[in-house]
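S.K.: Just add 1110 to the spot in the sequence shown (first one is 1) and you have the numbering used here. Please find one structure pasted underneath; my questions will follow.
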Amino acid sequence: MATISNASTGIGDDSSSTNRAGDFVTLAKSMHFNLQNNQCSYTFQYGDGSGTSGYYVADLMHLDTILEGSLTSNSSAQIFFGCRTLQTGDLTKPDRAVDGIFGFGQQSMSVITQLSSQGITPRAFSHCLKGNGGSGGILVLGEVVEPNIVYSPLVPSQPHYNLNLQSISVNGQTLPIDSSVFATSSNKGTIVDSGTTLAYLAEGAYDPFMNAILGSVSQTVHPIVNKGNQYYIVTSSVADLFPQVSFNFAGGASLILNPQDYLIQQNSIGGAALWCIGFQNIQGQTILGDLVLKDKIFVYDLEGQRIGWTDYDCSMSVNVSTTSRTGRSEFVNAGQLSEKTVHLDMCLTN
1111 MATISNASTG IGDDSSSTNR AGDFVTLAKS MHFNLQNNQC SYTFQYGDGS
1161 GTSGYYVADL MHLDTILEGS LTSNSSAQIF FGCRTLQTGD LTKPDRAVDG
1211 IFGFGQQSMS VITQLSSQGI TPRAFSHCLK GNGGSGGILV LGEVVEPNIV
1261 YSPLVPSQPH YNLNLQSISV NGQTLPIDSS VFATSSNKGT IVDSGTTLAY
1311 LAEGAYDPFM NAILGSVSQT VHPIVNKGNQ YYIVTSSVAD LFPQVSFNFA
1361 GGASLILNPQ DYLIQQNSIG GAALWCIGFQ NIQGQTILGD LVLKDKIFVY
1411 DLEGQRIGWT DYDCSMSVNV STTSRTGRSE FVNAGQLSEK TVHLDMCLTN
């Protein structure tokens, strides 16, 4: 079974360069049950310093579920989720406000865990985020199937989607980065996070990465510094000037980034484009956010404890894996189906 919806998550506009690491990576959470009013409260703190608190409520989520071929079935499931009564930090700013945060972590309270435990969806989900200045994309509660997807195993017993990053290459040359920089611990490692706008490299990897890129383009682009940030004036295609980058993971899977995958165009000056490198420097964890996830299918196979990806045009339909009544796995082209929607009744608080 699989369900499909249009993903509302988009790549940030030019203001995204001010976003901080782990916009919606949960750093801390707490729960408290009040016997007097029969309410269960929560408090979440996110990586960008913002927070939210409120009460857990239950409501029905209605989905159209793909069974086999072009057959669909109306499904519904009771989902527990949070209705906020207070927000703090950047979540209160008009340019950073969001309607809600759709929880797709591995924990028991996440939407995907609740749905899969009820047999409504597989224990997997996939997304394809549009790039090239677009927004939206595809969200599948199930597994997208493409022949070129490569997989890397998840690091076990981690609260986030941690992968074992082994090395980084620029123009085919492996960078001299100590392996301890990529080691996973409570505050280190490499996270795949669609809730983060940009991408962040741990301190020990950032300088070798930037030096390798700048060394390969120093003769062809004109750098300028504005408000402490370095930009590049480019008069031709960045694909011809900037190098290809490869993040190499356990299992032999590599995330290949072409220049447009890690560069952000800010504006133009006298007919020349002004670009900056979207990777930021951070202590501890490396975070791969929307900047490098866009224009790719990403499959989060929680049952198999692995993440897979491949380049893809996210304006196209996708093939999804379904389980038929005979128990056989089948592939369905989602473009053959009418538009599928996911509807969650509005929650009301007293």
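Heads up, the beta-carbon is just placed ideally off N, CA and C, and yes, glycines get one too.
Exposed or buried, which one is Met1426 when buried takes at least 16 other CB atoms within 10 Å?
M.R.: For the purposes of this step, residue 1426 is identified with residue 316 of the sequence shown, where counting begins at 1. Answer is exposed; the Cβ neighbour count stays below 16.
S.K.: Can you list, in chain order, the residues of its chain whose CB lies under 7 Å from that of Val1060, leaving out five sequence neighbours each side?
M.R.: What the structure shows of the chain is the stretch from 1111 to 1460, and residue 1060 is not part of that stretch, so it cannot be assessed.
S.K.: What's the call for Phe1209, buried or exposed, on a 16-neighbour Cβ count within 10 Å?
M.R.: Locating residue 1209 in the sequence shown gives position 99, where the first residue counts as 1. Note that residue 1209 corresponds to Asp in the displayed sequence, not to Phe. By the neighbour-count rule (16 or more Cβ atoms within 10 Å), Asp1209 is not buried but exposed.
S.K.: Based on the DSSP secondary-structure assignment, which residues constitute the bridge partners of Leu1196?
M.R.: As a first step, residue 1196 must be located in the sequence shown, where it is residue number 86. The partner list for Leu1196 (beta bridge, DSSP) reads Ser1163.
S.K.: Determine, using beta carbons only, whether Tyr1271 comes closer than 9 Å to chain C.
M.R.: You won't find chain C in this structure, because it holds only one protein chain.
S.K.: Can you name, in chain order, every residue of its own chain whose Cβ lies under 7 Å from the Cβ of Ser1378, other than the five neighbours on each side?
M.R.: Along the sequence shown, one-based indexing puts residue 1378 at 268. The residues are Leu1384.
S.K.: Using the Cα positions of Val1430 and Ile1230, report the straight-line distance between them to the nearest angstrom.
M.R.: Along the sequence shown, one-based indexing puts residue 1430 at 320. Along the sequence shown, one-based indexing puts residue 1230 at 120. For Val1430 and Ile1230, the distance between alpha carbons rounds to 15 Å.
S.K.: Please return the same chain residues whose Cβ sits closer than 6 Å to the Cβ of Ser1356, not counting the five positions on each side in sequence.
M.R.: Translated into positions along the sequence shown, residue 1356 becomes position 246. Closer than 6 Å at Cβ, skipping near neighbours: Ser1279, Ser1364 and Ile1366.
S.K.: Specify, as a first and last residue, the run of the alpha helix (DSSP H) that Ser1227 falls within.
M.R.: Counted from its first residue, the sequence shown places residue 1227 at position 117. Note, Ser1227: alpha helix (DSSP H), Val1221 to Ser1227.
S.K.: Check the C-beta distance from Cys1424 over to Asp1405 and give it rounded, since I have them as a contact under 8 Å.
M.R.: The count along the sequence shown starts at 1 and reaches residue 1424 at position 314. The count along the sequence shown starts at 1 and reaches residue 1405 at position 295. Going by Cβ atoms, the distance from Cys1424 to Asp1405 rounds to 6 Å, so yes, they are a contact pair.
S.K.: Over the uninterrupted beta strand (DSSP E) stretch that includes Asn1377, give me the two end residues.
M.R.: As a position in the sequence shown, residue 1377 is number 267, starting the count at 1. Leu1373 to Ile1379 is the extent of the beta strand (DSSP E) around Asn1377.
S.K.: Drop a sphere of 10 angstroms on the beta-carbon of Ser1267, count the other beta-carbons inside from all chains shown, and report buried for 16 or more, exposed for fewer.
M.R.: Here residue 1267 is taken as the residue at index 157 of the sequence shown, counted from 1. Per the 10 Å Cβ criterion, exposed.
S.K.: Of all the options Cys1386, Ser1186, Ser1163 and Gly1159, which has the alpha carbon lying nearest to the alpha carbon of Met1171?
M.R.: As a working mapping, residue 1171 is identified with position 61 in the sequence shown. For Met1171, the nearest C-alpha among the options comes from Ser1186.
S.K.: Mind listing, in chain order, the continuous alpha helix (DSSP H) runs of no fewer than 4 residues lying wholly within the segment 1268-1331?
M.R.: 1313-1327
S.K.: Do you know whose CA, among Phe1191, Pro1269 and Leu1196, lies nearest Ser1160's CA?
M.R.: Along the sequence shown, read from residue 1 onward, the residue named residue 1160 stands at position 50. Closest by alpha carbon: Leu1196.
S.K.: Quick one: what does DSSP say Ala1117 is sitting in, helix, strand or coil?
M.R.: Looking up residue 1117 in the sequence shown gives position 7. Bear in mind that a pLDDT of 39 at Ala1117, under 50, signals an unreliable position, so the number given afterwards is only what the model happens to contain. It is a strand residue.
S.K.: Do Ala1309 and Gly1418 have their C-beta atoms within less than 9 Å of each other?
M.R.: Residue numbering aside, residue 1309 sits at position 199 when the sequence shown is read from its first letter. Residue numbering aside, residue 1418 sits at position 308 when the sequence shown is read from its first letter. Not in contact: Ala1309 and Gly1418 (Cβ atoms no closer than 9 Å).
S.K.: Does the Cβ of Glu1253 have 16 or more other Cβ atoms within 10 Å, making it buried, or fewer, making it exposed?
M.R.: As a first step, residue 1253 must be located in the sequence shown, where it is residue number 143. Per the 10 Å Cβ criterion, buried.
S.K.: How about Tyr1166 and Gln1149: do their beta carbons lie closer than 9 Å?
M.R.: For this step, residue 1166 is matched to residue 56 along the sequence shown. For this step, residue 1149 is matched to residue 39 along the sequence shown. Taking 9 Å as the Cβ cut-off, Tyr1166 and Gln1149 qualify as a contacting pair.
S.K.: Applying the 10 Å Cβ sphere with the 16-neighbour rule, what's the burial state of Gln1217?
M.R.: The residue labelled residue 1217 in the question sits at position 107 within the sequence shown. The residue is exposed, with fewer than 16 neighbouring Cβ atoms inside 10 Å.
S.K.: List the residues that DSSP assigns as beta-bridge partners of Asn1391.
M.R.: Sequence index remark: in the sequence shown, residue 1391 carries index 281 (1-based). Beta-bridge pairing links Asn1391 to Leu1311.
S.K.: What is the DSSP secondary structure of Val1402, reduced to helix, strand or coil?
M.R.: In the sequence shown, counting from the first residue as 1, residue 1402 sits at position 292. Val1402 falls in the helix class under three-state DSSP.
S.K.: I believe Asn1391 touches Leu1311 by the beta-carbon criterion, under 8 Å. Please report the beta-carbon distance rounded to the nearest angstrom.
M.R.: In the sequence shown, the residue the question calls residue 1391 occupies position 281. In the sequence shown, the residue the question calls residue 1311 occupies position 201. With a Cβ gap of about 7 Å, Asn1391 and Leu1311 count as contacting.
S.K.: Restricting to Cα atoms, I'd like to know which of Asn1281, Phe1191, Gly1157 and Gly1314 is closest to Thr1223.
M.R.: Within the sequence shown, the letter at position 113 stands for residue 1223. Checking every option, the nearest Cα to that of Thr1223 belongs to Phe1191.
S.K.: How is the beta strand (DSSP E) around Thr1231 delimited, first residue to last?
M.R.: Residue numbering aside, residue 1231 sits at position 121 when the sequence shown is read from its first letter. Run containing Thr1231: none; DSSP gives neither H nor E here.
S.K.: Going by DSSP, what residue range makes up the beta strand (DSSP E) through Ile1211?
M.R.: In the sequence shown, the residue the question calls residue 1211 occupies position 101. Note, Ile1211: premise wrong, no beta strand (DSSP E); not H, not E.
S.K.: Round the Cβ separation of Ile1287 and Gly1305 to the nearest angstrom and send it over; I've been treating them as touching at under 8 Å.
M.R.: Locating residue 1287 in the sequence shown gives position 177, counting from the first residue. Locating residue 1305 in the sequence shown gives position 195, counting from the first residue. So it is not a contact: roughly 26 Å between Cβ atoms.
S.K.: To the nearest angstrom, report how far apart Ile1301 and Asp1158 are at their CA atoms.
M.R.: Working through the sequence shown from its first residue, we reach residue 1301 at position 191. Working through the sequence shown from its first residue, we reach residue 1158 at position 48. If you take the alpha carbons of Ile1301 and Asp1158, they lie about 15 Å apart.
S.K.: Out of Ile1343, Ser1328, Val1327 and Ser1326, which one is the CA nearest neighbour of Ile1334?
M.R.: If you number the sequence shown from 1, residue 1334 lands on position 224. Nearest of Ile1343, Ser1328, Val1327 and Ser1326 to Ile1334, Cα basis: Ile1343.
S.K.: Taking Glu1256 as the reference, give the member of Val1409, Ser1289, Glu1413 and Gly1414 with the closest Cα.
M.R.: The residue labelled residue 1256 in the question sits at position 146 within the sequence shown. Taking only the C-alpha atoms, the option nearest Glu1256 is Val1409.
S.K.: What is the DSSP secondary structure of Phe1190, counted as helix, strand or coil?
M.R.: What you label residue 1190 is simply residue 80 of the sequence shown in a count that begins at 1. Of the three classes helix, strand and coil, the one that applies to Phe1190 here is strand, per DSSP.
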